[in-house]
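The structure appears right after this line, and notes come after that.
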Amino acid sequence: MLTFFISFLKRSGSLSINSKTILSNSFLSTTQLYDKILYMNILRGDLKDFSFYDILTLIKNIQKSGVLIIESQGEEFGRIYFDHGEVIHASVKNSPILIGSLLVKHQKIDEEELERILNENTGGKLGEKLVKSGAIEKEELKKFLKLQLVERCLHLFLIKDGGFKFIPNEKPKEINIKMSVDELMLELTRKYDELMEIRKVIPNDNIVLKVNPEPNVDSMTFSKDEWEIVFMCDGEKTAGEIAWSSKLGYFEALRTMRDLVLSGLLLKEEEK
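One gets our numbering by counting positions in the sequence shown from 1 and adding 907 to each.
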């Protein structure tokens, strides 16, 4: 573990003379070494040099609490919070992926029921209200809270050009679920594999989609989510613009676009 940690820091190219002196003190435990490095504020790096897996594995092995901030184009893109090495919360800029929307999308509740519960002035979190009202079982809610966490982290997992930094002991405003790094990475890998299948049809986010004026289908029956995507494909917006702005979330919107292209209802145009 110590070898992994030192290798991780050396790869960043940011070790100062003082920090190299710290690394030479073999009597320090890995945790003590980690604390000293954090104190010197150098646990940061470039996503071109470190894999998402490496970063999360380091935090898991050290079993520290705090927040990992992912940056893209010079701005904060999202955060992942940890409690003793376990993931407890994630947030993504401009892509909330709300638990209510996930439950509606997966037909666990309908939009009218969600709206009614949201309008209740009883205080408390939405999930707690849903369980209390009998709309969903507690264990079922946990499953969707994990799905919410995974989908938020997927956005961060896909960032390859940017930076990261870890701030110890910073806590989120809310903690809904705990998930091990190993479980999270397994789910992210599955999602990524599916995304690669989607990319065989929609190779990148710059593809422009439009409605096929003469679809080769005898009859068309599409879900509400699919029609939402159809209406957004105006021949001007890119697949990425549609996916990021859709209430379905980036991943589900891309998957829906893929299915609509394969069905013949949508056509691919040039890249922007």
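Backbone N, C-alpha and C define an ideal beta-carbon position, used for all residues, glycine too.
What you are looking at is a predicted structure, and each value in this text was computed from that prediction instead of being measured.
Residue i - containing beta strand (DSSP E), residue span
i     : result
S1087 : No beta strand (DSSP E) contains S1087, which DSSP labels as neither H nor E.
V1168 : Careful: V1168 lies outside any beta strand (DSSP E), inside the alpha helix (DSSP H) at Y1157 to S1170.
D1141 : D1141 to T1145
Own chain partners of residue i with C-beta closer than 7 Å, once the 5 adjacent residues on each side are dropped
i     : result
N932  : The predicted model places N932 with a pLDDT of 47, which falls under 50 and marks its position as unreliable; any figure quoted below should be read in that light. Answer for N932: no residue qualifies.
L1167 : E1133, I1136, V1137 and L1173
K1000 : E983, F984 and G985
A1160 : I1136, I1149, A1150 and S1153
I1066 : L954, I977, S979 and F984
T1163 : D1132, E1133, I1136 and L1155
C1140 : L1116, K1117, V1118, I1149 and L1173
I1105 : L1161, R1162 and R1165
Proximal residues to residue i (C-beta, below 6 Å), its chain only, five neighbours per side dropped
i     : result
V974  : R986, Y988, I1074 and E1077
I1043 : K1015 and L1037
F959  : F1064
M1103 : none
N1083 : L1052
G1147 : D1112
P1079 : Y988 and H996
Host alpha helix (DSSP H) of residue i (start-end)
i     : result
I1006 : I1006 to K1012
K1049 : K1045 to F1064
K1078 : Where K1078 is concerned, there is no enclosing alpha helix (DSSP H), given that its DSSP letter is neither H nor E.
I1024 : E1018 to L1025
G1034 : L1033 to S1040
DSSP beta-bridge partners of residue i
i     : result
F1071 : G952 and I977
V1118 : L1173
Whole-angstrom distance between residue j and residue i, CA atom to CA atom
i     : j     : result
S1153 : L950  : 35 Å
L935  : I995  : With a pLDDT of 46 at L935, under the threshold of 50, the modelled position of this residue cannot be trusted, and the question is left open.
E1090 : N968  : 14 Å
E1058 : P1120 : 33 Å
K1085 : I966  : 15 Å
L1054 : M1092 : 13 Å
S1087 : S998  : 17 Å
K1107 : E1027 : 45 Å
L1048 : L954  : 33 Å
E1035 : L1025 : 11 Å
H1013 : L1052 : 13 Å
E1019 : N1111 : 35 Å
F1158 : L1009 : 12 Å
L1095 : L1061 : 6 Å
L1005 : L963  : 24 Å
R1023 : V1011 : 13 Å
T928  : D961  : Note that T928 scores a pLDDT of 45, beneath 50, so its modelled location is shaky and nothing firm can be said.
E993  : L1021 : 30 Å
L1056 : G952  : 23 Å
S1206 : D1017 : Residue numbering for the chain in the displayed model covers 908 to 1179; residue 1206 lies beyond these limits and cannot be assessed.
K1072 : I1109 : 32 Å
G1070 : S1040 : 43 Å
R1097 : K1050 : 16 Å
D956  : D1068 : 10 Å
Y1099 : T1145 : 21 Å
Close-in-space but distant-in-sequence residues of the same chain around residue i (CB under 8 Å, 5 per side omitted)
i     : result
P1122 : S1170, G1171 and L1172
E1176 : I1114, V1115, L1116, K1117 and G1142
H991  : Q970, K971 and S972
K1045 : V1038
K1032 : E1081 and N1083
Residue i: CB within 7 Å of a non-hydrogen atom of the ligand FMN
i     : result
I1024 : Within the structure as shown, the ligand FMN is missing, as the structure has no ligands at all.
For a minimum of 4 consecutive residues, which ranges assigned as the alpha helix (DSSP H) are wholly contained in the stretch 950 to 1001?
959 to 969
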